[in-house]
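Right, one structure below, let's go through it.
Numbering (our numbering), first residue to last: 1156 to 1547.
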């Protein structure tokens, strides 16, 4: 008998919800530019708008994590979709900065609950790592579509696309299993009692902290990369094409992550990925031109997919119960509150885009340091386990 969360209907709807819930994140380079060109906001105001949107997503994911194990998931998705849909419709024609910040928070709140349920449902799949790989593979194609489509729309058109995305899922909510699979948590507890693979309680929190740091880098980079190119020597037509075509590197990243993880595991590849991510971001600290922009954006898209798959698989590995899966969008969204907000503060203080990209590099290196510490701690625990098994 097929498990409810393994059915193609549940997986398909969850994948669609992930793409819809993360649509603002994917489209941030284009949306940030649209806020400037269509509504006349300054660069610092754009940072706060991005922080409001993604901060709402973080709060929604935290709320979702607190109730997803007990609540009816169909009810959660229906309410969250209506909230995000209504907020995006209300944004159409809104030009007041204060009202727009409030509406973007509300949109993000609905998105956070919506995508939190989707991530938790994929995590309840019998093979969560594979389910997450499907999600990120689809994510790579949706990124190309968004970066091609959104620049051709007005600001109102962009909001309408987001609203329609939520509306399309409403008739199919019944495809989602209404309750969490309790046997998954029971199995994890049993494994812990048998002594064996359960990680220390602090490890999932450490992984979430590393995801938070990673998304400070990702959120800041995507908020300001196109604006930085427009303020530099890079060609506007060139940067637009590169943003679209670089999404192919995301597809390559999904394939590479699957091959690398099977051959080399997760820990060392993840550490090396974050170090490389810091390097491709730091490439822009000295200025942006066509060549640097191309290398940085292609490299960042490739490494972003690697780090996401490795980190999601790490969450599934250290937390078999799946309790922390719904918190992943919260950690991502929180990083994207802090990142664009700090970027806006750096720009306001006169550090320029070089300072913004230094922030991105430092955030990636901070995540890398957390995983290095986790790997060293795990290595220190192994001898004691062997000693415990040695006969007296």
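Just so it is clear, CB atoms sit at the ideal spot from N, CA and C, and this is done for glycine as well. Given the structure is predicted, the values throughout are model-derived calculations rather than measurements.
Between the beta-carbon of residue i and the beta-carbon of residue j, is there less than 7 Å?
i, j, result
"residue 1276", "residue 1160", "yes"
"residue 1525", "residue 1365", "yes"
"residue 1196", "residue 1190", "yes"
"residue 1320", "residue 1469", "no"
"residue 1512", "residue 1440", "yes"
"residue 1231", "residue 1272", "yes"
"residue 1413", "residue 1288", "yes"
"residue 1368", "residue 1518", "yes"
"residue 1436", "residue 1397", "no"
"residue 1293", "residue 1170", "yes"
"residue 1374", "residue 1253", "no"
"residue 1461", "residue 1428", "yes"
"residue 1564", "residue 1496", "Outside the displayed span of the chain (1156 to 1547) sits residue 1564, for which this structure offers no information."
"residue 1448", "residue 1394", "yes"
"residue 1270", "residue 1484", "yes"
"residue 1333", "residue 1229", "yes"
"residue 1242", "residue 1261", "yes"
Measuring alpha carbon to alpha carbon, tell me which of the options ends up nearest residue i.
i, options, result
"residue 1281", "1472, 1382 and 1527", "1472"
"residue 1371", "1269, 1491, 1244 and 1378", "1491"
"residue 1328", "1237, 1534, 1445 and 1479", "1237"
"residue 1208", "1317, 1163 and 1520", "1317"
"residue 1479", "1283, 1290, 1425 and 1534", "1283"
"residue 1162", "1261, 1286 and 1225", "1286"
"residue 1399", "1300, 1241, 1520 and 1166", "1300"
"residue 1403", "1357, 1291 and 1503", "1291"
"residue 1528", "1482, 1433 and 1357", "1357"
"residue 1503", "1516, 1198, 1521 and 1430", "1198"
"residue 1424", "1385, 1465 and 1386", "1465"
"residue 1516", "1416, 1426 and 1430", "1430"
"residue 1381", "1324, 1186, 1463 and 1315", "1186"
"residue 1246", "1313, 1233, 1481 and 1534", "1313"
Compute the Euclidean distance between the alpha carbons of residue i and residue j, then round it to the nearest angstrom.
i, j, result
"residue 1408", "residue 1450", "15 Å"
"residue 1211", "residue 1531", "35 Å"
"residue 1222", "residue 1179", "24 Å"
"residue 1200", "residue 1391", "22 Å"
"residue 1173", "residue 1267", "10 Å"
"residue 1510", "residue 1188", "19 Å"
"residue 1220", "residue 1383", "36 Å"
"residue 1184", "residue 1302", "8 Å"
"residue 1348", "residue 1422", "Confidence at residue 1348 is low in this model, with a pLDDT of 40, below 50, so its placement is unreliable and the value that follows should be read with caution. Between residue 1348 and residue 1422, the C-alpha separation is close to 25 Å."
"residue 1442", "residue 1401", "20 Å"
"residue 1164", "residue 1330", "6 Å"
"residue 1444", "residue 1508", "13 Å"
"residue 1326", "residue 1523", "42 Å"
"residue 1311", "residue 1295", "25 Å"
"residue 1258", "residue 1181", "19 Å"
"residue 1501", "residue 1256", "20 Å"
"residue 1405", "residue 1459", "7 Å"
"residue 1224", "residue 1362", "21 Å"
"residue 1218", "residue 1379", "29 Å"
"residue 1482", "residue 1533", "23 Å"
"residue 1463", "residue 1432", "12 Å"
From what residue to what residue does the alpha helix (DSSP H) around residue i run?
i, result
"residue 1230", "1228 to 1246"
"residue 1405", "1402 to 1419"
"residue 1192", "1183 to 1192"
"residue 1388", "Element bounds for residue 1388: n/a, residue is neither H nor E."
"residue 1491", "1483 to 1503"
"residue 1217", "1198 to 1222"
"residue 1249", "Note, residue 1249: premise wrong, no alpha helix (DSSP H); not H, not E."
"residue 1479", "Taken as a continuous stretch (DSSP letters only), residue 1479 belongs to no alpha helix (DSSP H), as it is neither H nor E."
"residue 1164", "1163 to 1176"
Decide if residue i is buried, meaning its Cβ has at least 16 other Cβ atoms within 10 Å, or exposed.
i, result
"residue 1227", "exposed"
"residue 1192", "exposed"
"residue 1307", "exposed"
"residue 1418", "exposed"
"residue 1498", "buried"
"residue 1514", "buried"
"residue 1446", "exposed"
"residue 1377", "buried"
"residue 1388", "exposed"
"residue 1263", "buried"
"residue 1359", "buried"
"residue 1248", "exposed"
"residue 1251", "exposed"
"residue 1278", "buried"
"residue 1213", "buried"
"residue 1420", "exposed"
Check the Cβ-Cβ distances between residue i and every residue of chain B, and say whether any is below 7 Å.
i, result
"residue 1377", "Absence of chain B from the displayed structure is noted, only one protein chain being present."
Nearer than 6 Å: is that true of the beta carbon of residue i relative to any heavy atom of the ligand GDP?
i, result
"residue 1501", "With respect to small molecules bound, the structure shown includes none, and the ligand GDP cannot be examined in it."
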